[in-house]
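Here the structure is laid out as structure tokens; the discussion comes afterwards.
In my numbering, the protein residues as written are 236 to 601.
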């Protein structure tokens, strides 16, 4: 079966890293990708041999751009003749849902975050009820009836590939490149520059952190929108205010997240809102990194007290205490990291999950 994935392509985060996993294990599915923007995702997919089709850029507030993008999709469908379509956001569902329905192709909505509150984009996407919803967590499954009635829904943990790295060599190289001695403990956060990811809370916790062990924080990810750029500038000012300039490194956009995790000692992302599931936590677990995060959201289907330190959202003293404890207890870091690795394999092994995806998609043609 030939599957066409419809996505914006201008941003890069967990969803995009999932898409990069799909070409690795086909199981009878031929994955194609139609993107509205030529950016990092398109290049990374092409480097893996995945067929990428360029659609016209679109802004929903610009009717002419919407018409052009839909026309480019109609042309692609007539030549590619896929067997099913998968959209990965309400934006894509709103933009392409009508075309999918008119084509009479099975339409799958891969729902990466739970529905919480209806906005204009949800209202526009809701008009195009999919034939199937792939929900990335039990929390996401539970939210589907709030937006779609009587739609087939499958719980589907995202496939995440284990990195094939020489751990010792990668760790030494990256620490040299980032001027970080081996004896210094590295706290890593890797995410989009969005306030709910908890960058501000992490910096505030680090500002008063007193530890007997030397540490630095690496923050990977750069701004992609005007709103994110404003937030990024605010974080920089916050570092200056708290005197963190020597200990916090903003690394910008990185395509080597797995390598950064190999070179780090613990992963900390103190969310103030729940994740749908969070690929970055799976990636951290697969790197055997101990994880500190908030006790909220779909990530709790992966993380518990056996493989992570979970703190109340917004509780800075608890966050600071958890960071200090793991900085000073290498044995506990190792124990949490090993348990997290096993849990990540249990839920997200790509070979098994992509075999399940093939079964689900093929069932729509029966």
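From the three backbone atoms N, C-alpha and C, an ideal C-beta is built for every residue, glycine too. Quick caveat: nothing in here was measured; it's all calculated off a predicted structure.
Going by DSSP, what residue range makes up the beta strand (DSSP E) through residue i?
i           : result
residue 529 : 526-529
residue 424 : 420-425
residue 240 : 237-242
residue 289 : 287-289
Comparing C-alpha positions only, which one of the options sits nearest to residue i?
i           : options            : result
residue 242 : 308, 265, 284      : 308
residue 426 : 359, 515, 464, 469 : 515
residue 460 : 238, 245, 237      : 245
residue 316 : 330, 358, 471, 339 : 339
residue 268 : 496, 321, 528, 484 : 321
residue 354 : 335, 240, 527, 382 : 382
residue 506 : 263, 428, 477      : 428
residue 431 : 406, 378, 531      : 531
residue 289 : 299, 303, 298      : 303
residue 582 : 393, 370, 292, 311 : 393
residue 564 : 236, 446, 370      : 446
residue 451 : 291, 325, 294, 559 : 559
residue 325 : 300, 502, 319, 351 : 351
residue 277 : 343, 536, 417, 254 : 254
residue 589 : 260, 240, 236, 418 : 260
residue 319 : 365, 286, 284      : 365
residue 341 : 236, 517, 458      : 236
At what residues does the alpha helix (DSSP H) containing residue i begin and finish?
i           : result
residue 271 : Taken as a continuous stretch (DSSP letters only), residue 271 belongs to no alpha helix (DSSP H), as it is neither H nor E.
residue 252 : 249-256
Could you check the C-alpha separation between residue i and residue j for me, to the nearest Å?
i           : j           : result
residue 591 : residue 422 : 35 Å
residue 420 : residue 443 : 17 Å
residue 449 : residue 373 : 39 Å
residue 491 : residue 456 : 11 Å
residue 595 : residue 367 : 9 Å
residue 486 : residue 454 : 6 Å
residue 534 : residue 546 : 13 Å
residue 296 : residue 348 : 23 Å
residue 404 : residue 513 : 28 Å
residue 363 : residue 465 : 34 Å
residue 249 : residue 314 : 30 Å
residue 462 : residue 472 : 16 Å
residue 282 : residue 258 : 11 Å
residue 598 : residue 345 : 16 Å
residue 508 : residue 424 : 16 Å
residue 337 : residue 275 : 31 Å
residue 618 : residue 264 : Outside the shown range of the chain, which is 236 to 601, sits residue 618, and nothing can be said about it.
residue 251 : residue 561 : 30 Å
residue 311 : residue 238 : 13 Å
residue 280 : residue 510 : 25 Å
residue 305 : residue 489 : 32 Å
residue 494 : residue 385 : 43 Å
residue 477 : residue 440 : 10 Å
residue 301 : residue 294 : 6 Å
residue 570 : residue 499 : 16 Å
residue 272 : residue 291 : 7 Å
residue 298 : residue 413 : 46 Å
residue 375 : residue 343 : 15 Å
residue 402 : residue 408 : 10 Å
residue 567 : residue 504 : 18 Å
residue 548 : residue 528 : 8 Å
residue 502 : residue 600 : 42 Å
residue 379 : residue 474 : 40 Å
residue 323 : residue 240 : 8 Å
residue 469 : residue 334 : 41 Å
residue 417 : residue 519 : 19 Å
residue 603 : residue 536 : Absent from the model: residue 603. The displayed extent of the chain is 236 to 601, so no value can be given.
residue 369 : residue 262 : 18 Å
residue 247 : residue 458 : 10 Å
For a cutoff of 7 Å on Cβ pairs, would you count residue i as touching chain B?
i           : result
residue 321 : Chain labels in this structure do not include chain B; a single protein chain is all it has.
For this session: Scan the segment 313-398 and note each continuous beta strand (DSSP E) run of 3 residues or more that stays entirely inside, going in chain order.
Result: 319-322, 342-346, 367-370, 388-390
Exercise. What residue ranges within the segment 475-510 form continuous alpha helix (DSSP H) runs of no fewer than 4 residues, ordered along the chain?
Worked result: 492-498
Exercise. When the Cβ atoms of the segment 382-389 are set against those of the segment 397-407, are three or more pairs found closer than 8 Å?
Worked result: no
For this session: Count the CB pairs spanning the segment 553-562 and the segment 433-441 that are closer than 8 Å, and state whether there are at least three.
Result: yes
For this session: Just list the beta strand (DSSP E) runs in the segment 400-466, keeping only unbroken ones of 3 residues or longer that don't cross its boundaries, in chain order.
Result: 420-425, 450-455
For this session: Would you mind listing the beta strand (DSSP E) stretches within the segment 515-585 that are 3+ residues and don't spill past its ends, in chain order?
Result: 526-529, 543-546
Exercise. Between the segment 321-330 and the segment 353-370, do three or more beta carbon pairs fall short of 8 Å?
Worked result: yes
For this session: Answer yes if the segment 534-543 comes into contact with the segment 474-483, meaning at least three C-beta pairs across the two stretches below 8 Å, and no otherwise.
Result: no
Exercise. Do three or more CB pairs link the segment 515-534 to the segment 573-587 at distances below 8 Å?
Worked result: yes
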